[in-house]
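Visitor: If you count the sequence shown from 1, position 442 lands on 442 in full-length UniProt numbering, and the numbers rise without skipping.
Just so it is clear, CB atoms sit at the ideal spot from N, CA and C, and this is done for glycine as well.
Encoded as structure tokens, here's the structure I'll be asking about.
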Amino acid sequence: MKFSLKALSFFIVSCASLLILLVPYAAHNPVVHSGRDALLNLQLHRQSGLYNLQQHHLTRHRDGLAKKRQPEEEENHNFSHTGETRSRDELCSGRRVFIHGLPAAFNSDLLRHCKGGLATWINFCPDLEHDGFGEPLQTEDEFQAANGSPSPDSSWKADALAMEDSAQSSGEPSSSPFPFPGWYRTDPYMLEVIFHRRLLRYTCLTQDPDVADAFFLPYYTGIDALRFLYANVSSKPKVRHGSKLVKWLQQDAIAKKSWKKHGGRDHFLVISRTAWDFEGNGKEGWGTGFLTLPEVKNMTVLLVERNTWRANQHAIPYPTSFHPSSPLELDRWIHKMQSEARPYLFAFIGSVRPKLMKGGIRDALIEQCSSSKHCYLLSCKKLRCSHNPRPIVETFLHAQFCLQPRGDTATRRSLFDSIIAGCIPVLFHNDTAYTQYKWHLPLEAHRWSVYIDEKEIREGVRLEDVLMQYTQDSITKMRNALIDMLPRVVYAGFSSEQESLSDAVDVSVRELLRMVARHKRNWSADPSIKPASDIVQMI
Numbered sequence: 001m002k003f004s005l006k007a008l009s010f011f012i013v014s015c016a017s018l019l020i021l022l023v024p025y026a027a028h029n030p031v032v033h034s035g036r037d038a039l040l041n042l043q044l045h046r047q048s049g050l051y052n053l054q055q056h057h058l059t060r061h062r063d064g065l066a067k068k069r070q071p072e073e074e075e076n077h078n079f080s081h082t083g084e085t086r087s088r089d090e091l092c093s094g095r096r097v098f099i100h101g102l103p104a105a106f107n108s109d110l111l112r113h114c115k116g117g118l119a120t121w122i123n124f125c126p127d128l129e130h131d132g133f134g135e136p137l138q139t140e141d142e143f144q145a146a147n148g149s150p151s152p153d154s155s156w157k158a159d160a161l162a163m164e165d166s167a168q169s170s171g172e173p174s175s176s177p178f179p180f181p182g183w184y185r186t187d188p189y190m191l192e193v194i195f196h197r198r199l200l201r202y203t204c205l206t207q208d209p210d211v212a213d214a215f216f217l218p219y220y221t222g223i224d225a226l227r228f229l230y231a232n233v234s235s236k237p238k239v240r241h242g243s244k245l246v247k248w249l250q251q252d253a254i255a256k257k258s259w260k261k262h263g264g265r266d267h268f269l270v271i272s273r274t275a276w277d278f279e280g281n282g283k284e285g286w287g288t289g290f291l292t293l294p295e296v297k298n299m300t301v302l303l304v305e306r307n308t309w310r311a312n313q314h315a316i317p318y319p320t321s322f323h324p325s326s327p328l329e330l331d332r333w334i335h336k337m338q339s340e341a342r343p344y345l346f347a348f349i350g351s352v353r354p355k356l357m358k359g360g361i362r363d364a365l366i367e368q369c370s371s372s373k374h375c376y377l378l379s380c381k382k383l384r385c386s387h388n389p390r391p392i393v394e395t396f397l398h399a400q401f402c403l404q405p406r407g408d409t410a411t412r413r414s415l416f417d418s419i420i421a422g423c424i425p426v427l428f429h430n431d432t433a434y435t436q437y438k439w440h441l442p443l444e445a446h447r448w449s450v451y452i453d454e455k456e457i458r459e460g461v462r463l464e465d466v467l468m469q470y471t472q473d474s475i476t477k478m479r480n481a482l483i484d485m486l487p488r489v490v491y492a493g494f495s496s497e498q499e500s501l502s503d504a505v506d507v508s509v510r511e512l513l514r515m516v517a518r519h520k521r522n523w524s525a526d527p528s529i530k531p532a533s534d535i536v537q538m539i
């Protein structure tokens, strides 16, 4: 009996000791009670690893502003609150942006009507996924995980012709996956959503309008314009486009005060359509008249295509389908683009538009391309070219030069598709790029593009003869220039303070703030002063 009591006592003491030892471990390593919890833990672990990898990559790419910090601040992660505030104040000096709290009717409520609510025949609900990027394209790894085998096109070397022939005439996207993540079925008309969501992650946002250097109005102007451009006469809004925004600016206390400082000249908004859609008076002819409102003339307006004589309008890139979520994804794509074989001298993607482009050169370009063994033609009559990026990107990856004539208007999204694919743009009109995207494209146009005037094409100049004159060395140098430009023309899923990694939003905000700083001392809140936008900008 004594032996039994001793044994029992020893057992109890041992269990208690073991319990004490296991409690700290259990606190840090909770037991997984189900397969769902295990999957969640694995997902969190992978996300943590990806985050750490991104942070490591970004740390190696610090910009000059970060390098100016004291060495002990870089090494010591336990900053004092005062030190953090001082460092942030220095970093954000002259860069603070205040986002006005517009009522939901100007943005999120408009998105609720994505399926036929703004124009009966338009459904853009799928395009709103992933902060406006749209539906992500399936990668090779995802395809293999879902199907248990590699994709039938895992080499990603299929000729664009085979893809065009296999595409359904209805425009259904190809089921073949992309080799890398970061690609989406993006509608460029979602730029307002993309820019707004991306700006919410801007480093130097401020909640204090009194210290702001610029003010953003998150009004989805282009989406709201659908009601004015395409609605039936009976259902068309009775008020002028933009009148409700002006009324809000006059009545909201914060907006009224911030507007008064410089007459709205430090305010800006983004529009996902061309300026042509917002000219006129909103009553007769094409255009809603939004850009002709006196208050809007005082703002800075960022559009995919501007009127070159309006000084308050600045063009920013069309969204493409490539939105890298990290510098690593960006680097992987650049490596892919550099290593791609390019069997064709030049390529053209598009179709003839005789009603819209009288006197245009598309028919001549198509004739020249189709008759040359050195050119590849992807017809948008056979394949829907807007929401299926794969055939477009593959075509451009297989050509040295890409023809970029004017489309419905002077600019085209295809210009930026070709830049991303490393295909040197061949331009035929100054307004397609040179007079438009001054913030994002280098001024030395000959370094990254070829210019042939439309008049020369009409007079019979052969594209093949012109492009054959470029040596491989000069082509390589031009492609390297495109690589340097690439980060500036994509709408990325990350933000970087390093200038070489700045995306289209970073560049737009930085250049806008520089412009505001240059002109602020000359501005006046006096409404009698002629708006700056009425001054013709010299090109």
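Going by C-alpha distance, which of L303, A311, G289 is nearest P188?
Guide: In the sequence shown, residue 188 corresponds to position 188, counting from 1. If we check each option's Cα against that of P188, L303 comes out closest.
Visitor: If Y202 and V301 are in contact, beta carbons under 8 Å, what's the gap, nearest whole angstrom?
Guide: Position 202 of the sequence shown, counted from the first residue, corresponds to residue 202. Position 301 of the sequence shown, counted from the first residue, corresponds to residue 301. So it is not a contact: roughly 19 Å between Cβ atoms.
Visitor: Could you tell me whether the Cβ atoms of Y220 and L245 are closer together than 7 Å?
Guide: If you number the sequence shown from 1, residue 220 lands on position 220. If you number the sequence shown from 1, residue 245 lands on position 245. For Y220 and L245, no; Cβs fall outside 7 Å.
Visitor: Quick check on this structure: which residue in F401, D89, L415 has the alpha carbon closest to the alpha carbon of P343?
Guide: Position 343 of the sequence shown, counting from 1, holds the residue named residue 343. Taking only the C-alpha atoms, the option nearest P343 is F401.
Visitor: With 16 other CB atoms within 10 Å as the buried threshold, where does K297 fall?
Guide: One-based indexing of the sequence shown puts residue 297 at position 297. Buried, because 16 or more other Cβ atoms sit within 10 Å of the Cβ of K297.
Visitor: What is the DSSP secondary structure of V490, counted as helix, strand or coil?
Guide: Counted from its first residue, the sequence shown places residue 490 at position 490. Reduced to three states, the DSSP call for V490 is coil.
Visitor: Looking only at its chain, what residues have a beta carbon closer than 8 Å to the beta carbon of N123, apart from the 5 residues adjacent to it on each side?
Guide: Numbered from its first residue, the sequence shown carries residue 123 at position 123. Same-chain partners within the cutoff: C114, K115, G116.
Visitor: By DSSP's criteria, F268 is part of a beta bridge. Which residues make up the other side?
Guide: Locating residue 268 in the sequence shown gives position 268, counting from the first residue. According to DSSP, which records beta bridges pairwise, F268 is partnered with F216, T300.
Visitor: From what residue to what residue does the beta strand (DSSP E) around P327 run?
Guide: Position 327 of the sequence shown holds residue 327. Unbroken run through P327 is the alpha helix (DSSP H), 327 to 339; no beta strand (DSSP E).
Visitor: Just to confirm the assignment, what range does the beta strand (DSSP E) spanning S379 have?
Guide: Here residue 379 is taken as the residue at index 379 of the sequence shown, counted from 1. Segment 375 to 379, the beta strand (DSSP E) holding S379.
Visitor: Among the residues of its own chain, which have a CB less than 7 Å from the CB of H429, if the five just before and after it don't count?
Guide: Here residue 429 refers to the residue found at position 429 when the sequence shown is read from its first residue. These residues qualify, in order along the chain: R406, A410, E454.
Visitor: The beta strand (DSSP E) that contains H314, what's its start and end?
Guide: Translated into the one-based positions of the sequence shown, residue 314 becomes position 314. It spans 313 to 315 - the beta strand (DSSP E) in which H314 sits, taken as one unbroken run.
Visitor: Once the 5 residues before and after C92 are set aside, which same chain residues still bring their CB inside 8 Å of it?
Guide: If you number the sequence shown from 1, residue 92 lands on position 92. Here the set comprises T203, C204, T206.
Visitor: Identify whether Y202 lies in helix, strand or coil by the three-state DSSP scheme.
Guide: Position 202 of the sequence shown, counted from the first residue, corresponds to residue 202. Looking at Y202 - three-state DSSP - the assignment turns out to be coil, as it is neither helix nor strand.
Visitor: Quick check on the DSSP output: the alpha helix (DSSP H) that includes P425 runs from which residue to which?
Guide: By one-based count along the sequence shown, residue 425 stands at place 425. Run containing P425: none in the alpha helix (DSSP H); it sits in the beta strand (DSSP E), 424 to 427.
Visitor: Thinking just about the alpha-carbon of each residue, which of V489, L441, E295 is nearest to the one in L191?
Guide: Here residue 191 is taken as the residue at index 191 of the sequence shown, counted from 1. Among V489, L441, E295, the Cα nearest to that of L191 is on V489.
Visitor: Just the C-alpha distance for R112 and D224, rounded to the nearest angstrom, thanks.
Guide: As a first step, residue 112 is located in the sequence shown; it is residue number 112 there, counting from the start. As a first step, residue 224 is located in the sequence shown; it is residue number 224 there, counting from the start. Roughly 12 Å separates the two Cα atoms.
Visitor: Taking 6 Å as the line, does the beta carbon of S370 fall inside it for any heavy atom of the ligand GTP?
Guide: This structure does not include the ligand GTP; it has no bound ligands of any sort.
Visitor: Can you list the alpha helix (DSSP H) stretches of 4 or more residues lying completely in the segment 420 to 469, in chain order?
Guide: 454 to 458, 463 to 467, all fully within the segment 420 to 469.
Visitor: Using C-beta distances below 6 Å, list every residue in its chain close to H519, excluding the 5 sequence neighbours before and after it, in chain order.
Guide: Reading the sequence shown from its first residue, position 519 is the one you call residue 519. Cβ neighbours of H519 beyond the five flanking positions: none.
Visitor: In chain order, what residues of the same chain have a beta carbon less than 7 Å from the beta carbon of V239, not counting five sequence neighbours either side?
Guide: Looking up residue 239 in the sequence shown gives position 239. There are no such residues.
Visitor: Would P324 and L501 qualify as a contact pair, given that the criterion is a beta-carbon distance under 7 Å?
Guide: Numbered from 1 along the sequence shown, position 324 holds the residue referred to as residue 324. Numbered from 1 along the sequence shown, position 501 holds the residue referred to as residue 501. In this structure, L501 does not lie closer than 7 Å to P324 by Cβ.
Visitor: What is the DSSP secondary structure of P136, counted as helix, strand or coil?
Guide: Numbered from its first residue, the sequence shown carries residue 136 at position 136. The answer is strand: DSSP assigns P136 an E or B state.
Visitor: Under the DSSP definition of a beta bridge, which residues are partnered with E305?
Guide: As a position in the sequence shown, residue 305 is number 305, starting the count at 1. For E305, which the question treats as bridged, DSSP gives the partners T274.
Visitor: Compare the beta carbon distance of F322 and G101 with 7 Å and say whether it is the shorter of the two.
Guide: Here residue 322 corresponds to residue number 322 of the sequence shown, with the count starting at 1. Here residue 101 corresponds to residue number 101 of the sequence shown, with the count starting at 1. Not a contact, by the Cβ cut-off of 7 Å.
Visitor: In the DSSP assignment, the alpha helix (DSSP H) including V211 goes from what residue to what residue?
Guide: Here residue 211 corresponds to residue number 211 of the sequence shown, with the count starting at 1. Here V211 belongs to no alpha helix (DSSP H), and DSSP marks it neither H nor E.
Visitor: Can you find the residues in the same chain that come closer than 6 Å, C-beta to C-beta, to D127, ignoring five residues on each side of it along the sequence?
Guide: Here residue 127 corresponds to residue number 127 of the sequence shown, with the count starting at 1. G134, D187, M190, listed in sequence order.
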